[in-house]
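J.:
Residue numbers (this note's numbering): 16 to 94.
(1) From the DSSP output, read off the bridge partner residues of residue 68.
(2) Roughly how many angstroms separate the alpha carbons of residue 70 and residue 59, rounded to a whole number?
(3) To the nearest angstrom, how far is the alpha carbon of residue 51 from that of residue 68?
(4) Strictly by DSSP, which residues pair up with residue 94?
(5) What residues are listed by DSSP as bridge partners for residue 55?
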């Protein structure tokens with residue numbers, strides 16, 4: 016795993032499988048790091064993000080009512 020000295024802000028189009036991103040997950044203030052797999056856009060500005068937890072392989076999916084063109088990720092490393 017590679018850690019960056021400074022986080023990089025990327026759009027959904029710039030994300031690559033294996034990028035490690037930092038985000039709030041579940042409760043506010045609960046900061047977690049996940050490994051990006053893919054991202055899809057759906058009707059009505061819904062974004063579907065596929066990821067897995069660091070050191071795990073089971074995929075998870077997050078749905079958010081966010082326009083994929085406005086989604087940004089804080090990338091902190093690479094798996």
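Glycine included, every Cβ here is placed at the ideal spot set by N, Cα and C.
T.: The answer reads as follows:
(1) 49
(2) 34 angstroms
(3) 9 angstroms
(4) None; residue 94 has no bridge partner.
(5) 63
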